[in-house]
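The numbering of the sequence shown is this note's numbering, which starts it at 14 and goes up by one.
For every residue, glycine included, the Cβ atom is placed at its ideal position computed from N, Cα and C.
Note that this is a predicted model, so its numbers are computed, not measured.
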Amino acid sequence: MPSTELSHSYDIAATPAAVLAHLADPENYIGLSPLLVDVRDVRCEGGVTHYVAVERFRFLGLVRHDNVIQVSLRTEDARLPDEATVSGEVVSPGGVRMDYRFVVTALGDGGSLVVDRLRLHAPFGLLRYAAGKAGAVQAERGRVLARRLGRGT
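1) So, are the CB atoms of R29 and A91 less than 8 Å apart?
2) Since V65 and V50 are thought to touch, with beta carbons under 8 Å apart, how far apart are those beta carbons, to the nearest angstrom?
3) Would you mind reading off the limits of the alpha helix (DSSP H) that contains G148?
4) How big is the Cα-Cα spacing for F115 and L75?
5) How is the beta strand (DSSP E) around L36 delimited, first residue to last?
6) Classify G138 as buried or exposed, calling it buried when 16 or more other Cβ atoms lie within 10 Å of its own Cβ.
7) What span of residues does the beta strand (DSSP E) with Y113 cover, start to end?
8) Considering only residues of the same chain and omitting the five flanking positions on each side of V104, which have a CB-CB separation below 7 Å?
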């Protein structure tokens with residue numbers, strides 16, 4: 014299956030522990046991705062959080078499609094206060110799969126550098142569309158996360 018990797022980096026005015034805490038809660042992804050409108054069926058098993066998320070797509074401004082995806086999320090905090098990671102997998106209908114990883118590293122000013130990497134796998138006809146959407150989500154995620162954690166942290 015064709016695949017591509019996307020990477021986006023951004024600075025956040027919060028410690029790695031604060032960024033990790035925010036990214037570890039599935040509910041916080043609503044609005045963090047402009048497509049995500051619902052999170053449900055959250056359960057933790059063996060250190061992995063599993064949940065169902067709903068992405069809402071609009072085509073031509075008229076047709077709405079809710080894409081129900083299965084998500085797993087793992088956190089790693091053994092290197093705090095200097096570094097933390099959040100990683101997992103997304104399984105979407107139509108054969109689209111994504112592995113994701115956020116590496117959050119402390120900066121000297123009390124903030125963090127977040128490196129957001131996605132490895133996207135999709136059938137030949139869907140890869141370009143899925144990569145375009147995923148790249149737009151990454152860019153927005155950096156802006157929203159900076160807004161959310163930039164105050165009072």
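Taking the coordinates as given:
1) Taking the sequence shown and counting its residues from 1, the one referred to as residue 29 is at position 16. Taking the sequence shown and counting its residues from 1, the one referred to as residue 91 is at position 78. Note on residue identity: the sequence assigns Pro, not Arg, to residue 29. No, these two residues do not count as a Cβ contact at 8 Å.
2) Locating residue 65 in the sequence shown gives position 52, where the first residue counts as 1. Locating residue 50 in the sequence shown gives position 37, where the first residue counts as 1. With 8 Å as the limit, V65 and V50 do not qualify as a contact, their Cβ atoms being about 12 Å apart.
3) In the sequence shown, counting from the first residue as 1, residue 148 sits at position 135. Per DSSP, the unbroken alpha helix (DSSP H) holding G148 starts and ends at 140-162.
4) One-based indexing of the sequence shown puts residue 115 at position 102. One-based indexing of the sequence shown puts residue 75 at position 62. Whole-angstrom Cα-Cα distance: 34 Å.
5) Looking up residue 36 in the sequence shown gives position 23. Not the beta strand (DSSP E): L36 falls in the alpha helix (DSSP H), residues 29-36.
6) For the purposes of this step, residue 138 is identified with residue 125 of the sequence shown, where counting begins at 1. Counting of Cβ neighbours within 10 angstroms places G138 among the exposed residues, the total staying below 16.
7) Looking up residue 113 in the sequence shown gives position 100. Here the beta strand (DSSP E) through Y113 covers 109-119.
8) Reading the sequence shown from its first residue, position 91 is the one you call residue 104. Around V104: I82, Q83, R110.
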